[in-house]
Amino acid sequence: MSFFIIYPPISPDFTYLWDRKRKPNNRMQLLYVIGTGVLAAFCVLLAVRICYQRRYIRTSDRINDCIFRNVAAYLLLIDPDFNVLQTNYRSATGTAPQAVPPKVGNLLRCRNGEDAGVCGTHELCADCPVRAAITGVFRTKKGFSGLEVPMVLYTSDDRTATVDCDVSVAGNFLTVAGQPRVVLTVSDISAQKRTQRELEKARVRAEESDRMKSRFLANMSHELRTPLNAIIGFSELLMDDPAPTEKQEYMRIIRSNGEVLMQQLSDILDLSKIEAGTLGYEYTDVELNAVMEELEGGFRMQQPKNSPVRITFHRKYPVRYIRTDRKRLIQVIANFLSNAVKFTSEGSVDFGFEIRGGELYVYVADTGAGIPEEHREQLFQRFVKAGSFRQGIGIGLAISKSIVETMGGRIGVESQPGKGSTFWFTLPCKPEQ
Numbered sequence: 001m002s003f004f005i006i007y008p009p010i011s012p013d014f015t016y017l018w019d020r021k022r023k024p025n026n027r028m029q030l031l032y033v034i035g036t037g038v039l040a041a042f043c044v045l046l047a048v049r050i051c052y053q054r055r056y057i058r059t060s061d062r063i064n065d066c067i068f069r070n071v072a073a074y075l076l077l078i079d080p081d082f083n084v085l086q087t088n089y090r091s092a093t094g095t096a097p098q099a100v101p102p103k104v105g106n107l108l109r110c111r112n113g114e115d116a117g118v119c120g121t122h123e124l125c126a127d128c129p130v131r132a133a134i135t136g137v138f139r140t141k142k143g144f145s146g147l148e149v150p151m152v153l154y155t156s157d158d159r160t161a162t163v164d165c166d167v168s169v170a171g172n173f174l175t176v177a178g179q180p181r182v183v184l185t186v187s188d189i190s191a192q193k194r195t196q197r198e199l200e201k202a203r204v205r206a207e208e209s210d211r212m213k214s215r216f217l218a219n220m221s222h223e224l225r226t227p228l229n230a231i232i233g234f235s236e237l238l239m240d241d242p243a244p245t246e247k248q249e250y251m252r253i254i255r256s257n258g259e260v261l262m263q264q265l266s267d268i269l270d271l272s273k274i275e276a277g278t279l280g281y282e283y284t285d286v287e288l289n290a291v292m293e294e295l296e297g298g299f300r301m302q303q304p305k306n307s308p309v310r311i312t313f314h315r316k317y318p319v320r321y322i323r324t325d326r327k328r329l330i331q332v333i334a335n336f337l338s339n340a341v342k343f344t345s346e347g348s349v350d351f352g353f354e355i356r357g358g359e360l361y362v363y364v365a366d367t368g369a370g371i372p373e374e375h376r377e378q379l380f381q382r383f384v385k386a387g388s389f390r391q392g393i394g395i396g397l398a399i400s401k402s403i404v405e406t407m408g409g410r411i412g413v414e415s416q417p418g419k420g421s422t423f424w425f426t427l428p429c430k431p432e433q
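The opening residue of the sequence shown carries number 1 in full-length UniProt numbering; numbering runs sequentially from there.
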């Protein structure tokens, strides 16, 4: 912008309105001078502002052009007739531009559009999700995103080299020179889709492997239980017959080890059911004192005569019913008692239950060797045993933990080396029905 400032001001008859040797003859002369100065200042400020705006626009154009050419997506400016007015597709794919603006489907090589010759003329174009989405943007002037479709890209001018890919399409409405337009963004998500497909295949293989493992464990458990039951049963029959003490001891060893092996098989089967999510639970009304007395009697019968370990149930309530799974409740308590008896050489194993704040609290306390602190955190993990002296395969407590947590409770242990341990768990006190 250019302008001229005439100073001093000149009257219409080409005489000075202001002369240094004489004063103005009226106020208009002064106002004319002031107005001319203000106008000149405004013009200068306007010129500076325009200069800055032009510089800002040029910078923005360079930035937008850089983004347009290098963005990791295809950008298409589309008119209501689906003509692609501007795009970075050619520079991104290395193909030459066409003289006539292509249709969206022809540029992105929609198979239906290619077969019909022109995008929008095929009988299946009415069901095209991209076409429907673009039409919706022009109609509602609201954008869309996250539309995933397969696409084929040209990678050469002769259209012989192509690559299949998956894309995510988004569209936004805008007005250019008063004309409605849609900016279409087409992002290549082939890598993500390929990763998803590979993960899905891996998941299917893992699930199938897990099912095969569960079937194998179930079949193995069944096949081994049958001969073990026979061994244990006949050993008990032989123990009932009068025989020398030495033979009685042999029979007791056979029965004892058979029962241990049977328990380990049961644990393995339960673990496979837990991993497969098929371990069943059946809730009934359970009288807790009867359960505890049954366990007390059973473990006392398994103890040899004159055993140095006393097993005692401490009864606190006359009668107490709760609604729970009786089988799983007995399984967890029996596991605690079995460990306590096994690792207590002499002393006592005391167990019982209390009702604390709406929860059933069950405990099994022994006077055994105790468990070092560094081993307590790992006790309830699968195939972990607290020290090399522990027998078994290390899954009984892990199974107990899974059962208790599935039933909505908590499980834990308190122990001091040399003074014994107290294993405990809680369950919600569901009212009897």
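Ideal Cβ positions, reconstructed from N, Cα and C, are used throughout, including at glycine.
About 20 Å separates the beta carbon of residue 381 from that of residue 369, a gap too long to meet the 8 Å contact definition. Here residue 316 carries a coil assignment [DSSP, helix/strand/coil].
Taking a C-beta distance under 9 Å as the contact criterion, residue 269 and residue 218 qualify as a contact pair. When secondary structure is reduced to three states using DSSP, residue 150 falls in the strand class. DSSP, reduced to helix, strand and coil, places residue 331 within a helical segment of the structure shown. Just so you know, the alpha carbons of residue 194 and residue 146 end up roughly 17 Å apart.
For residue 349, the pairing in a beta bridge is given by DSSP as 311 and 366.
Taking all protein chains in view, the Cβ of residue 176 is surrounded by fewer than 16 other Cβ atoms within 10 Å, so the residue is classified as exposed. Secondary structure of residue 236 (DSSP, three-state): helix. Under the three-state reduction of DSSP output, residue 172 falls in the strand class. Taking the Cα positions, residue 212 is about 16 Å away from residue 201. Distances from the CA of residue 361 to each of 424, 323 and 214 were compared; the closest alpha carbon is that of 424. Taken atom to atom, the span from the alpha-carbon of residue 77 to that of residue 88 is near 10 Å.
Using a Cβ distance threshold of 9 Å, residue 102 and residue 84 count as a contacting pair. Residue 181 carries a strand assignment under DSSP once its states are collapsed to helix, strand and coil. The criterion of a C-beta distance shorter than 9 Å is not satisfied by residue 291 and residue 254. For residue 416, the uninterrupted beta strand (DSSP E) segment begins and ends at 410 to 416.
In the structure shown, the three-state DSSP call for residue 378 is coil.
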